[in-house]
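Residue numbers (the numbering used here): 1275 to 1612.
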Amino acid sequence: MPMLEAIRSIDNSVLQIALVVDENDRLLGSITDGDIRRAILKGVAMDRPVTEVMNASPLSVPPHYQLAELKATMARRGIHQVPVVDAGSRVIDLVIIDDLIKPGAVRDNWVILMAGGQGMRLRPLTEAVPKPLVEVGGKPLLESIIEKFVAQGFVRFQVSVNYLGNQIKARFKDGREWNAEIRYIDESEPLGTAGALSLLDIAPKEPIVVMNADLMTEIDFSKMLDFHREREALATMAVREYDLQVPFGVVNVNDSAIVSIDEKPAQRFLVNAGIYVLEPETLKRIPRNTHLDMPTLFGQWIEEGRTCAAFPIHEYWLDVGRLEDLSRANKRAQETHS
1275 MPMLEAIRSI
1285 DNSVLQIALV
1295 VDENDRLLGS
1305 ITDGDIRRAI
1315 LKGVAMDRPV
1325 TEVMNASPLS
1335 VPPHYQLAEL
1345 KATMARRGIH
1355 QVPVVDAGSR
1365 VIDLVIIDDL
1375 IKPGAVRDNW
1385 VILMAGGQGM
1395 RLRPLTEAVP
1405 KPLVEVGGKP
1415 LLESIIEKFV
1425 AQGFVRFQVS
1435 VNYLGNQIKA
1445 RFKDGREWNA
1455 EIRYIDESEP
1465 LGTAGALSLL
1475 DIAPKEPIVV
1485 MNADLMTEID
1495 FSKMLDFHRE
1505 REALATMAVR
1515 EYDLQVPFGV
1525 VNVNDSAIVS
1535 IDEKPAQRFL
1545 VNAGIYVLEP
1555 ETLKRIPRNT
1565 HLDMPTLFGQ
1575 WIEEGRTCAA
1585 FPIHEYWLDV
1595 GRLEDLSRAN
1605 KRAQETHS
């Protein structure tokens, strides 16, 4: 099974794990969302077999296990699922810690949505309407984003507005219609993806999620927060793979001698996905009313030796920044709801 197929299996299951078995159902290993993301960071291609990235020695238990002892072990080691195997290593059950994967719990983390841009690349659509109110699948882009967060238990929002911001305020008001609390950050002039945070009127106790309000994605934000916490990071940036195809044959030389020729090679990069998790202490270090973009801020922290983590995403992601991107987003919305 290729890794991409395992990703689909994990994403379609509330259990968030795929067990790898042989033709006789004997356990060979397990693969989790975390295993997938670590593989992406290592540059493993999605068409590689799961056996290259799976945990070949997962924790498993016999049928007559002690539940209380097992749950204590799982909680201590941060394991959500443990397969039950018989004497022949055949999988017969799966033990889960319900409260670790139970959906619907309300989270205390604030979500900051950057919605102040002018949407120049979406003109003429954005001449009279702010980009977050441009419709995708019959509803404003920002509405879909808020609904995604609320469905995952995030109900506290600060929306940064500038260009035609009053339209956004009039549409979403205080968020009650979405069972959420929505406040607004008024940028008198564009301050960038980090500078706007200096105007926050909250003092959060938990990490905050910051996201550009022109993104369509299926990310599980709880996983990103867990990743951030596990790495004890000051800040975490979501990153995604981007392949760049060189349109020419690349000639490798040593002095004047040709060593080899790579015909139209592809290079793979991890690029910024416009989604961040920040510790509360970071807000005190952002100069007030000063234009500052998030990559610049991350660069400052890295120079200071602070831990900044990269959270690799494999889920659907689209920056709705251009007219052709909007067409792609609407096409996917139609396919999803058909």
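Where a beta carbon is used, it is the ideal one built from N, C-alpha and C, also for glycine. Bear in mind that the values here come from a model prediction, so they are computed numbers and not experimental data.
Paired residues, beta bridge with residue i - DSSP
| i | result |
| --- | --- |
| V1410 | K1413 |
| A1583 | T1510 |
| M1490 | L1592 |
| E1515 | L1544 |
| A1531 | N1528 |
| D1448 | In the DSSP output, where bridge partners are listed per residue, D1448 has none listed. |
| L1257 | Outside the shown range of the chain, which is 1275 to 1612, sits residue 1257, and nothing can be said about it. |
| I1576 | DSSP, once it has assigned bridges, lists no residue as partnering I1576. |
| D1299 | DSSP, once it has assigned bridges, lists no residue as partnering D1299. |
| A1616 | Residue 1616 is absent from the model: the chain starts at 1275 and stops at 1612. |
| G1523 | E1537 |
Beta-carbon separation (whole angstroms), residue i vs residue j, contact threshold 8 Å
| i | j | result |
| --- | --- | --- |
| D1460 | V1435 | 6 Å |
| I1281 | I1310 | 6 Å |
| V1318 | M1277 | 7 Å |
| G1308 | R1381 | G1308 to R1381, Cβ: 20 Å. No contact. |
| N1453 | V1429 | 7 Å |
| L1333 | V1358 | The Cβ separation is near 11 Å, so there is no contact. |
| L1407 | P1414 | 5 Å |
| F1572 | A1509 | 6 Å |
As assigned by DSSP and simplified to three states, the class of residue i
| i | result |
| --- | --- |
| D1307 | helix |
| M1568 | helix |
| G1548 | strand |
| N1440 | helix |
| G1466 | helix |
| I1419 | helix |
| N1563 | coil |
| P1481 | coil |
| Q1608 | helix |
| P1539 | coil |
| E1401 | coil |
| L1374 | Note that L1374 has pLDDT 47, beneath the 50 cutoff, so the model's placement of it is unreliable and the number below is only indicative. Helix. |
| A1425 | helix |
| L1368 | strand |
| V1356 | strand |
Spatial distance of residue i from residue j (CA atoms)
| i | j | result |
| --- | --- | --- |
| D1285 | V1294 | 16 Å |
| L1597 | P1404 | 14 Å |
| E1455 | E1578 | 35 Å |
| V1483 | I1549 | 7 Å |
| G1255 | K1422 | No answer is possible for residue 1255: it lies beyond the span of the chain, which begins at 1275 and ends at 1612. |
| Q1392 | R1457 | 20 Å |
| W1384 | H1338 | 43 Å |
| L1302 | S1331 | 8 Å |
| G1362 | R1300 | 7 Å |
| E1555 | P1336 | 46 Å |
| S1418 | M1490 | 8 Å |
| S1283 | I1291 | 8 Å |
| R1260 | R1364 | The requested residue 1260 is not part of the displayed model; the chain covers only 1275 to 1612. |
| A1425 | I1493 | 12 Å |
| E1537 | S1304 | 37 Å |
| R1450 | A1313 | 41 Å |
| E1609 | W1591 | 15 Å |
Residue i beta carbon near the ligand FMN (any heavy atom closer than 6 Å)
| i | result |
| --- | --- |
| V1365 | Ligands are entirely absent from the displayed structure, and the ligand FMN is therefore not among its contents. |
Three or more C-beta pairs below 8 Å linking the segment 1386–1397 and the segment 1572–1582: no
Segment contact, 8 Å Cβ cut-off, at least three pairs: the segment 1506–1521 with the segment 1429–1444: no
Stretch pair the segment 1594–1610 + the segment 1499–1515: three plus CB contacts closer than 8 Å: Because the criterion of three Cβ pairs below 8 Å is not met, the segment 1594–1610 and the segment 1499–1515 do not touch.
Stretch pair the segment 1496–1508 + the segment 1523–1532: three plus CB contacts closer than 8 Å: no
At least three beta-carbon pairs within less than 8 Å, the segment 1462–1470 to the segment 1559–1569: Judged by Cβ distances under 8 Å, the segment 1462–1470 makes contact with the segment 1559–1569, as three or more pairs qualify.
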